[in-house]
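Below, the structure written as structure tokens:
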């Protein structure tokens with residue numbers, strides 16, 4: 001399924017130009033037009049899904065198999081020592097179509113840690129409270145929030 005007006009659906013369908021590095025029945029991958037570093041690739045599912053939770057469960061494994069292959073290829077193709085693989089869901093998601101960033105990385109490349117500030121828990125009790133809430137959400141049937 002594609003969504004009219006979705007830039008990434010248009011790229012995956014071949015209706016909008018992009019520097020494509022992978023194109024199959026599961027995913028399309030192409031160079032990011034605004035890369036963190038040269039060789040920065042976006043991997044998108046062929047069918048429209050806005051976020052990871054929207055991706056059908058049967059598609060998750062095949063999709064992340066493509067992400068894994070692209071991560072391997074970005075390292076080999078750019079001579080990078082590693083990659084940074086990341087995804088946003090809604091917040092900071094510039095295009096509302098699931099996409100995974102695969103960014104080539106090298107030591108001392110100027111990218112420092114994560115892009116957000118770090119916080120500390122008030123102690124073990126607060127950590128356990130957060131862990132318990134997340135465990136409960138995992139155990140709840142989908143869509144029961």
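Residue numbers (UniProt numbering): 1 to 145. For each residue, glycine too, the CB sits at the ideal point set by N, CA and C. Note that the structure is predicted; figures quoted are calculated from it, not measured.
Around the C-beta of residue 133, fewer than 16 other C-beta atoms lie within 10 Å, and the residue is accordingly described as exposed. In the DSSP assignment, residue 12 falls outside any beta strand (DSSP E) and lies within the alpha helix (DSSP H) extending over 7-12. A Cβ-Cβ separation of about 5 Å places residue 74 in contact with residue 102 under the 8 Å criterion. Collapsing the DSSP output to three states places residue 90 in coil. Secondary structure note for residue 23: its beta strand (DSSP E) is the uninterrupted segment 20-23. Around the beta-carbon of residue 111, fewer than 16 other beta-carbon atoms lie within 10 Å, marking it exposed. Per DSSP, the beta-bridge partners of residue 105 are 82. With 16 or more other CB atoms across the displayed protein chains lying within 10 angstroms of its CB, residue 66 is buried.
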